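Numbered by the working numbering, the letters in the sequence shown go through residues 61 to 538 in order.
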Amino acid sequence: MISGAREAFSLSFNPFKLITQEDYQRIHDASLQILRETGVVFHSQEALEIFKKHGARVNGEIVYLDAPMIEHALESCPEKFVWQARNPDHSVTVGEGILIQPNVGPVYIEDLDRGRRLATLKDYANIMKLCQASDVIDLNGSIPVDPSDVEADKKYFYIMYEMLKNTDKPIIGACVSRPEAKKMLEMAELALGQEGFLEQNPCVGVLVNSLSPLAYAPETLETIIEYSRKKQIILLAPCIMAGVSGPISLLGTAVLQNVELLAGITLTQLVNPGTPVVYATASTVGYMKTASYAAGSPEAMLINTPNIQMGLDFYHLPTRTMCGINHAKVLDCQAGYETMMSLMMGLMSGAHIFVQCLGVLDAIMTTSYEKIIIDEELIRRVKRIRQGVDTSDKALAVDVIQEVGYNGTYLTHESTFESFRNIWLPTVSNWESYQDWRAEGGEDVTVRAHRRYKEILAKAPESLLDPEVEKALRRYLV
Numbered sequence: 061m062i063s064g065a066r067e068a069f070s071l072s073f074n075p076f077k078l079i080t081q082e083d084y085q086r087i088h089d090a091s092l093q094i095l096r097e098t099g100v101v102f103h104s105q106e107a108l109e110i111f112k113k114h115g116a117r118v119n120g121e122i123v124y125l126d127a128p129m130i131e132h133a134l135e136s137c138p139e140k141f142v143w144q145a146r147n148p149d150h151s152v153t154v155g156e157g158i159l160i161q162p163n164v165g166p167v168y169i170e171d172l173d174r175g176r177r178l179a180t181l182k183d184y185a186n187i188m189k190l191c192q193a194s195d196v197i198d199l200n201g202s203i204p205v206d207p208s209d210v211e212a213d214k215k216y217f218y219i220m221y222e223m224l225k226n227t228d229k230p231i232i233g234a235c236v237s238r239p240e241a242k243k244m245l246e247m248a249e250l251a252l253g254q255e256g257f258l259e260q261n262p263c264v265g266v267l268v269n270s271l272s273p274l275a276y277a278p279e280t281l282e283t284i285i286e287y288s289r290k291k292q293i294i295l296l297a298p299c300i301m302a303g304v305s306g307p308i309s310l311l312g313t314a315v316l317q318n319v320e321l322l323a324g325i326t327l328t329q330l331v332n333p334g335t336p337v338v339y340a341t342a343s344t345v346g347y348m349k350t351a352s353y354a355a356g357s358p359e360a361m362l363i364n365t366p367n368i369q370m371g372l373d374f375y376h377l378p379t380r381t382m383c384g385i386n387h388a389k390v391l392d393c394q395a396g397y398e399t400m401m402s403l404m405m406g407l408m409s410g411a412h413i414f415v416q417c418l419g420v421l422d423a424i425m426t427t428s429y430e431k432i433i434i435d436e437e438l439i440r441r442v443k444r445i446r447q448g449v450d451t452s453d454k455a456l457a458v459d460v461i462q463e464v465g466y467n468g469t470y471l472t473h474e475s476t477f478e479s480f481r482n483i484w485l486p487t488v489s490n491w492e493s494y495q496d497w498r499a500e501g502g503e504d505v506t507v508r509a510h511r512r513y514k515e516i517l518a519k520a521p522e523s524l525l526d527p528e529v530e531k532a533l534r535r536y537l538v
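Here is the structure:
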């Protein structure tokens with residue numbers, strides 16, 4: 061006999077499990093063996109001194125880490141944390157739900173008017189404005205396009221200036237040298253309007269990649285150390301290509317990714333225990349025809365999902381993954397199916413933060429204005445799927461089914477009128493009949509997205525900063 065009422069409203073989603081609990085332990089044990097016996101190269105004297113100070117065995121630039129040091133570091137990492145925004149209404153909790161951030165790395169921008177071209181600082185500012193206006197994008201900043209029209213020694217200050225000028229959402233900085241990192245954090249604190257605010261509040265994140273295999277570059281380590289000292293957010297993301305910079309086996313690359321993550325996490329906690337860390341993944345298989353990056357492969361998330369689920373279930377850390385990546389050169393069918401495949405795998409992995417899912421084309425070389433708008437709809441679809449199904453007793457609809465009976469209609473039933481507005485609807489896709497679509501001009505979704513992004517930019521404010529703060533920030537640009 062089955063009994064028991066289910067009165068509570070349930071909209072739950074359970075990520076699928078790609079590997080077992082026993083596999084988590086096997087990956088962890090393999091990682092500890094590599095860290096203990098082979099070690100990781102840290103190209104930074106300061107980082108080496110930090111490890112030595114805390115008792116790690118160091119030989120030249122190779123650091124060997126034992127299990128107690130790693131486990132102590134993991135224990136000091138927060139399981140979740142509030143990422144503060146300049147506008148408190150936009151602050152978010154990392155470690156629950158899904159958060160969306162802008163892309164990282166594209167050098168080209170594309171739209172219907174001008175095609176594919178090198179991105180400029182204006183393009184960067186435009187994307188900040190689009191992300192600020194979006195109801196699905198939670199974080200802002202990073203490098204959604206790399207501006208080509210500003211001098212290299214000032215580029216990241218210009219980026220931070222445009223970021224602070226055009227968004228009051230939580231922000232992501234850039235992996236740079238220590239002097240640049242320090243000044244960018246100063247700029248952020250200036251915009252926040254309270255000296256010392258950063259030390260007490262995680263406000264600025266930064267993505268850092270290891271130098272696979274088994275190494276960390278000098279600039280990366282300078283960024284990690286500077287951000288950790290301020291207790292700002294470190295998003296650690298190895299970017300390994302299986303068969304090129306990692307083992308050809310998917311599980312082997314997952315192990316290597318975990319090794320590099322554990323090494324980086326340990327450094328952050330040695331610098332400043334409690335520093336917020338996001339266990340992130342950005343690996344894929346190599347396109348072995350040219351030994352290059354394969355962005356449209358289903359195998360990318362077959363590498364990353366085991367790591368994401370280890371981060372969630374084994375290490376109890378906030379997680380992030382790239383999803384939405386594709387190898388399409390234009391906004392075509394391939395762009396759609398590779399993007400949605402990657403997004404759905406990101407959803408099913410259970411990751412907390414999604415990246416590379418806002419307008420990405422051509423293996424993260426290009427950001428498309430129109431695809432940003434289209435991808436927002438794809439993200440809305442994925443978020444709706446994550447909500448799952450209402451499993452309450454009311455949702456069984458027994459009384460409704462019996463009331464309508466054999467020949468009635470649900471279209472005019474009171475229950476339909478109560479809830480039909482909750483049914484998901486598209487924002488740029490067209491669901492009208494073919495005849496109505498033709499009568500309205502027969503526009504392709506790309507044309508509608510093109511018009512939409514221009515409307516958003518036309519309504520965007522010139523600046524969100526106080527004029528005096530903006531004036532002070534401009535001093536960093538000269």
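C-beta atoms are modelled at their ideal positions from N, C-alpha and C, and glycine is treated no differently.
All of these numbers come straight from a predicted model, not from anything done at the bench.
Residue i - containing beta strand (DSSP E), residue span
i	result
A179	Neither: A179 is in no beta strand (DSSP E) and is coded neither H nor E.
H221	In the sequence as displayed, the identity of residue 221 is Tyr instead of His. Taken as a continuous stretch (DSSP letters only), Y221 belongs to no beta strand (DSSP E), being part of the alpha helix (DSSP H) at 215-226.
V268	264-268
D171	168-171
I197	Taken as a continuous stretch (DSSP letters only), I197 belongs to no beta strand (DSSP E), as it is neither H nor E.
T283	Premise fails: T283 lies in the alpha helix (DSSP H), 278-289, not in any beta strand (DSSP E).
Residue i, enclosing alpha helix (DSSP H) - first and last residue
i	result
E320	310-331
I293	Unbroken run through I293 is the beta strand (DSSP E), 293-296; no alpha helix (DSSP H).
E528	527-534
I413	No alpha helix (DSSP H) contains I413, which is instead part of the beta strand (DSSP E) from 413-415.
G91	One point to set straight first is that residue 91 is Ser, not Gly, in the sequence displayed. Here the alpha helix (DSSP H) through S91 covers 81-97.
L258	257-260
Status (buried if at least 16 other CB within 10 Å, exposed otherwise) for residue i
i	result
K531	exposed
E478	exposed
R380	buried
R498	exposed
T399	buried
S305	buried
M348	exposed
T350	exposed
V458	exposed
Y397	exposed
Span separating the alpha-carbon of residue i from that of residue j
i	j	result
E282	A297	16 Å
V529	P166	30 Å
L377	Q192	27 Å
E436	D392	16 Å
I285	V266	11 Å
T427	I203	11 Å
V338	S91	18 Å
E320	W491	46 Å
Y168	I445	32 Å
M223	Q495	44 Å
M408	R440	15 Å
E430	L172	8 Å
E246	S237	14 Å
F76	Y353	26 Å
S151	P230	6 Å
L322	D198	27 Å
V420	T365	20 Å
E131	F374	12 Å
P218	N269	Reading the sequence as shown, one finds Tyr at residue 218 and not Pro. If you take the alpha carbons of Y218 and N269, they lie about 22 Å apart.
E522	P207	19 Å
R512	L524	22 Å
K214	I110	30 Å
Cut-off 6 Å between Cβ atoms - residues of its own chain near residue i, not counting five sequence neighbours on either side
i	result
G406	T381, C383, F414
T487	E437
N261	Q144
A423	Y353, A355, H387
Contacts around residue i, its chain only, beta-carbon distance under 8 Å, and the 5 residues preceding and following it disregarded
i	result
F257	E249, C263
V460	Y470, H473, S475
A302	I308, S309, L310, G312, T313, S343, T344, V345, G346, E359, I363
G157	H412
V505	I434, V488, S489, N490
V464	Y470, H473
Y221	M247, L533, R534, Y536, L537
L252	R146, L258, C263
Sequence-distant residues of the same chain with beta carbon closer than 7 Å to residue i, five excluded per side
i	result
N332	S288, R289, K291
E121	V101, F102, H103, L108
S194	E436
S136	Q329, P333, G334
E279	C235, V236, S237
- Query: If you scan the stretch 102-155 from start to end, which runs of the alpha helix (DSSP H) of 4 or more residues do you find wholly inside it?
  - Reply: For the stretch 102-155, whole alpha helix (DSSP H) runs of length 4 or above, ordered along the chain, are 105-113, 127-136.
- Query: Taking the runs of the alpha helix (DSSP H) that are 4 residues or longer, which of them lie wholly in the stretch 440-518?
  - Reply: List check, alpha helix (DSSP H) in window: 458-464, 474-479, 494-499.
- Task: Identify every run of the beta strand (DSSP E) within the stretch 321-409, keeping only runs that are complete inside it and at least 3 residues long; order them along the chain.
- Result: DSSP runs (the beta strand (DSSP E)) wholly in the stretch 321-409: 337-341, 344-347, 379-382.
- Query: Which runs of the beta strand (DSSP E), 3 residues or longer, sit entirely within the stretch 225-254?
  - Reply: If we require 3 residues or more, the stretch 225-254 turns out to have no beta strand (DSSP E) run fully inside it.
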